[in-house]
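Report on the structure given below.
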Amino acid sequence: MKFFFATLVAFTTVFTAFAQEYKPTDQGSTIQFEIKNFGFNSKGVFSGLEGKIVWDPKDAGKASFDVSVATASVNTDNNMRDEHLRKDTYFDAEKYPRIRLVSSGVSGPDKSGHYTFNGKLTIKSTTKDISFPFIATAMGDDYIFNGSFTINRRDFDVGGGSTLSNSLTVTLTVLAKKQ
């Protein structure tokens, strides 16, 4: 009888606890942005990826994301420009050291295998609702999450009246290691 009860508890635990915790890593991840400046595409990346991801590919409703990047890590392959982007007119890295993305819900997958992220993006002192599609790909025990979204930089008080386009595209490729 004890064996039956222990087996039943183990079986139930296995089928109710598929959501696993993952840690996003810099190595294998790319957080890239692209924006037009004087009509030319300018790209950059952020690093210093930190956070926690809870993921269950069979039940996206159990998923949660709380990830951030180091604002001072901005890298456009131009040191002078990067220093300028760290200043208060742009990212104000000294006062606001992290850019943060936190989910409020995840749904899917749809017929094409895309999930939908719903949550909040915080840049500087501004937090805005955001929603975008993404794909989750298993890599052994780990996952790669790929997604892309577009924001208006002025909504986050980034760049003031500069020559930059208002529209900025962020492309995420996040490698998350099982904990």
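The numbers in my numbering rise by one with no breaks, and the one at position 110 of the sequence shown is 113. Backbone N, C-alpha and C fix where the C-beta goes; we use that ideal spot for every residue, glycine too.
Rounded straight-line distance, which links the Cα of residue j to that of residue i
{"i": "V161", "j": "N149", "result": "25 Å"}
{"i": "K55", "j": "Y93", "result": "27 Å"}
{"i": "Q182", "j": "A141", "result": "14 Å"}
{"i": "D145", "j": "W58", "result": "10 Å"}
{"i": "R89", "j": "K123", "result": "22 Å"}
{"i": "G116", "j": "I138", "result": "7 Å"}
{"i": "R156", "j": "E24", "result": "32 Å"}
{"i": "A73", "j": "D113", "result": "32 Å"}
{"i": "T125", "j": "I102", "result": "6 Å"}
{"i": "S50", "j": "V77", "result": "7 Å"}
{"i": "S134", "j": "D80", "result": "29 Å"}
Cβ shell of residue i (< 6 Å), same chain only, five flanking positions each side left out
{"i": "I154", "result": "L171"}
{"i": "V177", "result": "P27, S32 and F148"}
{"i": "S67", "result": "V57 and S106"}
{"i": "K65", "result": "A22 and D59"}
Contacts around residue i, its chain only, beta-carbon distance under 7 Å, and the 5 residues preceding and following it disregarded
{"i": "E97", "result": "none"}
{"i": "T166", "result": "N40 and F41"}
Residue i at chain B interface by Cβ criterion, 8 Å
{"i": "V105", "result": "Judged by its chain identifiers, the structure shown contains no chain B, having just a single protein chain."}
Residue span of the beta strand (DSSP E) that contains residue i, given as start and end
{"i": "F183", "result": "Nothing in the structure corresponds to residue 183, since the chain is present only between 4 and 182."}
{"i": "P60", "result": "Counting along the chain, P60 falls outside any beta strand (DSSP E), and DSSP gives it neither H nor E."}
{"i": "F182", "result": "Note that residue 182 is Gln in the sequence shown here, rather than Phe. Where Q182 is concerned, there is no enclosing beta strand (DSSP E), given that its DSSP letter is neither H nor E."}
Contained beta strand (DSSP E) runs [length at least 3] in the segment 142-174, N- to C-terminal order: 145-155
Whole runs of the alpha helix (DSSP H) within the segment 71-115, excluding any shorter than 4 residues: 82-89
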